[in-house]
Structures are given as C-alpha cells and as structure tokens.
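Each residue of the sequence shown is one higher than the last, beginning at 420 in the working numbering. Using N, Cα and C, we set each Cβ at its ideal position, and we do this for glycine too. Since this is a predicted model, take the numbers as computed values, not measurements.
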Amino acid sequence: MDDLEAARAALAGARSIVVMTGAGISAESGIPTFRDAMTGLWSRFRPEDLATEEAFRRDPRAVWDWYAWRRERVEGVAPNPGHRAIARLEALAAARGAPFLLVTQNVDGLHQAAGSARLVELHGNIRRVKCLDAGHPAARWAPDEHPPRCAACGSWLRPDVVWFGEMLPEGAFESAAAAAADCGVFLCVGTSGLVEPAASLPRVALRAGARVIEVNAEPTPLTAHASWSLPGKAGEILPALVAE
Ligand code: BV8
C-alpha cells in the first residue's frame with residue numbers, strides 16, 4: 420500500500436480528525452502565499468512593515484490600502500478542489516459520528532465558501548473590519564478615506580485579522596489545541612510551520628499519539644515527523660485522499 424492509500428485508509432477510519440491549513444491551500448485559488456519566492460506577499464513587503472499594530476499606527480494609509488487590495492483579491496476568487504475536499508471530509512466524518520475540527524491560519528474565508536462549518540479561524544478574517552480602539556464591527560465605510568473612521572467611536576477602522584504581536588481570538592487556540600491533543604489523525608495542509616502558536620499544533624497531536632498526514636508542495640520542519648508526507652499540490656492530493 421503506498422503512502423496515499425495508507426493515509427486515505429487512516430482518515431477513513433479515524434476516531435476523530437483535526438485538519439490544519441495554511442496559505443498553501445488557497446494558492447490554487449490564485450491567492451499568493453506569504454513565503455512563495457515569486458508570488459509571496461512577503462517578497463513584496465516586509466511583514467513587520469505591514470502586518471503589525473505598530474505599522475498601522477505608523478502608516479495607517481499603507482496598511483489599510485494593503486488589506487483593501489488583498490480583500491478585493493479574496494472577494495474575486497473561488498474555493499478550489501482542496502477546500503472542497505476538506506468540506507467533504509467533514510461531512511464524511513459527521514456521517515459516521517467522528518469528531519472533526521478544521522483549524523485554519525488563513526484569513527480569506529474560502530473554507531466557509533466551500534461549505535466547511537466546524538472551523539476555527541486562528542488569525543481572523545480579512546473580510547471582517549473592526550475599529551482599532553474598541554473593536555466595533557463595521558459593515559460599511561467611506562470608500563475615499565484611508566483608513567476610514569468608526570461610526571460608533573471615531574477611531575480608525577482596521578482589518579479583523581491577528582497581527583504579529585497580537586493575541587489570537589479568545590479561546591481559538593485553546594479549542595484547537597484541545598482537539599489536536601485528542602484526535603486520531605491530524606491532517607496538516609499547505610503551511611510552512613513558521614508562525615506560532617499555530618505551528619505547535621501538529622506537535623501537540625504527535626505527542627498525544629495521533630497519526631499526522633502532511634500535504635505540502637515543499638518539505639517543512641514537520642515533514643520528518645509526519646506519519647505520511649504527501650508531496651504536491653493540495654488541490655490534487657486532497658480529493659484523492661478523501662475519495663470514497
Ligand atoms: C502571538 C493574519 C502571543 C495577518 C497572520 C516576538 C514578539 C511577539 C511575538 C513573536 C515574537 N517572535 C515570534 C513571535 C510569535 C509570532 C510569530 O510566530 N512570528 C513568526 C514570524 C516567527 N506570532 C505572533 O505574533 C502571534 N501571536 O504569538 O501572541 C504573543 C503576543 C505578544 C508577545 C508575545 C506573544 C500572531 C501570529 C498571527 C500573524 N498573522 N495572518 C495577515 O494575514 O496579514 S500569520 C500569516 O502567516 C497568515 O495567517 C499565514 O497563514 C500564516 C502562516 O503562513 P503559512 O500559512 O504557513 O503560509 P506560508 O506562505 O508561510 O507557507 C505556505 C506553504 O504552502 C508553504 O509550505 C508552501 O510550500 C505550501 N504550498 C504552496 N502552494 C501549495 C502549497 N502546499 C500545497 N499545495 C499548494 N498548491
């Protein structure tokens with residue numbers, strides 16, 4: 420039995436499943452990943468220049484406009500077969516009463532668009548906007564203000580994502596870590612494993628005795644520790660991994 424077959428069998432019979440995704444699963448939808456040499460957003464910007472509160476306070480227009488550009492890109496793309504395979508995996512697990520949780524680092528909302536429901540967004544969602552001082556949600560704002568102001572308190576609006584140096588949403592990491600510590604199979608897709616505390620979740624699963632399946636176009640720090648490492652594109656491998 421080859422690695423794909425063995426991993427597929429492990430998923431099909433898993434008593435409980437956690438799936439963790441990173442930017443790599445959205446690459447085939449046309450969203451550049453953070454660290455891809457050619458298209459990665461990091462190659463165009465220095466992360467500390469844009470994805471931090473300090474950067475926003477230093478240059479609110481640049482940070483607001485970068486996120487507005489990314490939000491427009493995200494609104495124009497669709498989930499790919501990788502996202503849809505994970506939504507199917509959730510449905511198959513539910514049909515046999517196996518607990519399932521999807522933990523994503525992505526902020527693009529494509530998992531929800533593909534039908535995933537049992538989902539934790541560790542780093543927020545770029546489609547949501549809130550104000551800097553009080554977290555008031557904003558559904559609309561002046562298109563010609565960079566950044567616009569909160570209608571409720573007048574502070575700047577900002578994307579509802581987790582910036583570097585910020586805490587993750589209340590309870591998000593705790594519920595992800597609890598599920599990882601109690602799962603039979605942990606499927607890790609399209610993440611370079613560089614950002615903490617998300618990157619610690621596969622290690623939590625391994626320490627608890629779970630089988631870990633990695634799907635990634637490149638080797639990562641997790642590859643040597645995974646039960647099965649399936650090299651290649653998520654949009655091609657995941658549908659085969661979840662096939663009936
Ligand atoms: C925190 C939202 C507690 C924003 C993101 C010093 C001071 C303070 C903190 C730290 C510090 N040193 C370290 C830290 C922790 C820090 C951190 O990890 N820094 C890193 C850079 C070292 N973490 C934090 O700050 C976190 N908060 O720790 O709070 C705290 C608070 C204060 C003080 C101390 C502690 C918050 C981290 C959240 C940051 N926000 N996103 C935005 O989107 O703009 S993270 C960002 O990176 C995205 O969410 C992204 O998902 C994530 C991780 O990247 P990946 O998803 O892995 O994507 P990447 O491009 O790296 O890799 C893509 C992979 O896909 C590759 O492996 C590639 O091979 C593969 N791939 C490509 N194509 C495909 C594919 N695979 C399959 N198929 C394909 N087709």
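Please go through the same chain and pick out, in chain order, the residues whose beta-carbon is closer than 6 Å to the beta-carbon of Ala-474, but skip the five residues on each side of it.
On the sequence shown, position 55 is the one that residue 474 refers to. The answer, listed in chain order, is Asp-468, Val-482.
For Ala-425 and Phe-519, I'd like the C-alpha separation in whole angstroms.
Here residue 425 corresponds to residue number 6 of the sequence shown, with the count starting at 1. Here residue 519 corresponds to residue number 100 of the sequence shown, with the count starting at 1. Their Cα atoms are separated by approximately 20 Å.
Sorted by chain position, which residues of the same chain lie with C-beta nearer than 6 Å to Leu-417's C-beta, five sequence neighbours on each side aside?
Within the shown structure, residues of the chain are numbered from 420 to 663, placing residue 417 beyond reach of any answer.
Is it buried or exposed, His-502, if we count other Cβ atoms within 10 angstroms and call 16 or more buried?
In the sequence shown, residue 502 corresponds to position 83, counting from 1. Burial call: buried.
Let me see if you follow: with CB-CB separation under 8 Å, is Gly-651 close to chain D or not?
In the structure shown, chain D does not exist; there is a single protein chain.
Taking the beta carbon of Glu-633 as the centre, do at least 16 other beta carbons fall within 10 Å, making it buried, or is it exposed?
The residue given as residue 633 occupies position 214 in the sequence shown. Glu-633 should be labelled buried.
What does the Cβ neighbour count give for Met-457, buried or exposed, with the cut at 16 atoms within 10 Å?
For the purposes of this step, residue 457 is identified with residue 38 of the sequence shown, where counting begins at 1. Residue confidence is low: Met-457 scores 42 on pLDDT, short of 50, so the model does not pin down where it sits. No coordinate-derived value is stated.
Nearest to Ala-442 by alpha carbon, out of Trp-560, Met-420, Gly-534, Glu-637?
On the sequence shown, position 23 is the one that residue 442 refers to. Comparing Cα positions, the closest option is Glu-637.
Thinking C-beta only, is Leu-529 closer than 8 Å to Ser-611?
Position 192 of the sequence shown holds residue 611. Position 110 of the sequence shown holds residue 529. No. Outside cutoff.
Could you check how far apart the C-beta atoms of Arg-577 and Leu-551 are, in whole angstroms? I think they sit under 8 Å.
If you number the sequence shown from 1, residue 577 lands on position 158. If you number the sequence shown from 1, residue 551 lands on position 132. Contact flag correct, Cβ pair sits at about 5 Å.
How about Arg-546 and Val-581: do their beta carbons lie closer than 8 Å?
Taking the sequence shown and counting its residues from 1, the one referred to as residue 546 is at position 127. Taking the sequence shown and counting its residues from 1, the one referred to as residue 581 is at position 162. For Arg-546 and Val-581, no; Cβs fall outside 8 Å.
Going by DSSP, what residues sit across from Thr-523 in a beta bridge?
As a first step, residue 523 must be located in the sequence shown, where it is residue number 104. According to DSSP, Thr-523 bridges with Thr-440, Glu-540.
Can the beta-carbon of Val-539 be found closer than 8 Å to that of Ala-595?
Numbered from 1 along the sequence shown, position 120 holds the residue referred to as residue 539. Numbered from 1 along the sequence shown, position 176 holds the residue referred to as residue 595. Going by C-beta atoms, Val-539 is nearer than 8 Å to Ala-595.
Could you give the distance in angstroms between the alpha-carbon of Phe-453 and the alpha-carbon of Ile-444?
As a first step, residue 453 must be located in the sequence shown, where it is residue number 34. As a first step, residue 444 must be located in the sequence shown, where it is residue number 25. So the alpha carbons of these two residues sit roughly 12 Å apart.
Measuring alpha carbon to alpha carbon, tell me which residue in Gly-651, Val-526, Ala-533 is nearest Ala-510.
Here residue 510 refers to the residue found at position 91 of the sequence shown. Of Gly-651, Val-526, Ala-533, the residue nearest in Cα terms is Ala-533.
Quick check: the Cα distance between Lys-652 and Ala-446, rounded to an integer number of angstroms?
On the sequence shown, residue 652 is found 233 positions in, with the first residue counted as 1. On the sequence shown, residue 446 is found 27 positions in, with the first residue counted as 1. Each residue's alpha carbon lies about 9 Å from the other.
In or out: Leu-620 buried (at least 16 other Cβ within 10 Å) or exposed?
By one-based count along the sequence shown, residue 620 stands at place 201. Counting Cβ neighbours within 10 Å, Leu-620 comes out buried, since at least 16 surround it.
Along the chain, where does the alpha helix (DSSP H) containing Val-623 start, and where does it finish?
Position 204 of the sequence shown, counting from 1, holds the residue named residue 623. It spans 620-626 - the alpha helix (DSSP H) in which Val-623 sits, taken as one unbroken run.
So the alpha helix (DSSP H) Val-666 belongs to, where does it begin and stop?
Nothing about residue 666 can be read from this structure; the chain reaches only from 420 to 663.
What's the gap between the Cα of Pro-369 and the Cα of Asp-478?
Given a span of 420 to 663 for the chain in the structure shown, any question on residue 369 remains unanswerable.
Got a sec? Which residues, its chain only, sit under 7 Å from Ala-659 by beta carbon, not counting five neighbours each side?
Position 240 of the sequence shown, counted from the start, is the residue given in the question as residue 659. Here the set comprises Leu-423.
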